[in-house]
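These notes are about the structure you will find just below.
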Amino acid sequence: MACYCAFTFVLKDVKNSLSIKSKLMSGELECAVLDKHLVVDVFQVMVAAQMAYQRYTTGKAACRTMHAEVLYSLSAMKSISNVFATFGLDGNQRELLIVVINPQKTNIEKIQSSIDGKEVSDIERSLRTGYDEARIKEIYKISDTELQVGSILDAALSRMASKSFL
Numbered sequence: 001m002a003c004y005c006a007f008t009f010v011l012k013d014v015k016n017s018l019s020i021k022s023k024l025m026s027g028e029l030e031c032a033v034l035d036k037h038l039v040v041d042v043f044q045v046m047v048a049a050q051m052a053y054q055r056y057t058t059g060k061a062a063c064r065t066m067h068a069e070v071l072y073s074l075s076a077m078k079s080i081s082n083v084f085a086t087f088g089l090d091g092n093q094r095e096l097l098i099v100v101i102n103p104q105k106t107n108i109e110k111i112q113s114s115i116d117g118k119e120v121s122d123i124e125r126s127l128r129t130g131y132d133e134a135r136i137k138e139i140y141k142i143s144d145t146e147l148q149v150g151s152i153l154d155a156a157l158s159r160m161a162s163k164s165f166l
């Protein structure tokens, strides 16, 4: 079985989200760019990356690129346009989570030089303390009752996993 590597980093104070979105859409940047506030933990991203890699390499991907499949895998929705509208760039985000599957050093450098922002040193802390709980509960349809018996991360992961059974 083939293996893969997923590289993640968080940027804050990003000033050129629209430019990044344009470069993503044209294929100039090979990465997934997410609204950082919609991710609870880096584990959630690693699960999405694994799901994307699995679907992409077995020919069952819903998207054209593996990086787009990462966004699709994060979602509980099956509508690709809704996934991009929810998790993708709208051009106004100032804090971004970047995911690169099987990165090459030159690709990472190109991505980093294309983004006008500051890299965050502690990704896990940034995600755990900076997510938008209300928005995540809305996106994944998580109730307060459910959070009494489990974490928001557990709930999000279960929605991501169960999408393939719907």
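Position one of the sequence shown corresponds to residue 1 (full-length UniProt numbering), numbered consecutively onward. Note that beta-carbon positions come from the ideal geometry of N, C-alpha and C, so glycine has one too.
Specify, as a first and last residue, the run of the alpha helix (DSSP H) that L127 falls within.
-> I123 to G130
Could you pull out every residue in the same chain whose Cβ sits closer than 6 Å to the Cβ of I142, ignoring the five residues on either side in sequence?
-> A155
Quick one: residues in its chain with C-beta nearer than 7 Å to the C-beta of T8, no 5 flanking neighbours on either side, listed in chain order?
-> V42, V45, L97, I98, V99 and I123
Would you give the residue range spanned by the beta strand (DSSP E) that K12 belongs to?
-> A6 to K12
Rounded separation between I152 and N16 - CA only = 30 Å
Over the uninterrupted alpha helix (DSSP H) stretch that includes D144, give me the two end residues.
-> D144 to L147
If we call anything under 8 Å between Cβ atoms a contact, is Q93 one with V14?
-> yes
For the beta strand (DSSP E) that contains L96, what are its first and last residues?
-> L96 to I101
Element boundaries [alpha helix (DSSP H), containing A52] | V42 to T57
Assumed close pair L29, S114 - CB separation to whole angstroms, cut-off 8 Å | 6 Å
On a CA-only basis, which of I111, L74, R64 and T57 is nearest K163? Give me that one, please.
-> L74
Is L127 closer than 8 Å to V47 when the C-beta atoms are compared?
-> no
Could you name the residues of the same chain whose beta carbon sits closer than 8 Å to that of I136, not counting the 5 residues immediately before and after it, in chain order?
-> L38, V40, I142, I152 and A156
Outcome for K23 when other beta-carbon atoms lying within 10 angstroms are tallied against a minimum of 16 = buried
Is any heavy atom in the ligand SAM found nearer than 7 Å to the beta carbon of Y4?
-> The ligand SAM is absent from the structure shown, which contains no ligand whatsoever.
Sheet register partners of L34 (DSSP bridge) = L97
DSSP-derived helix/strand/coil call for E28 = coil
Quick one: grab the DSSP three-state call for K23.
-> helix
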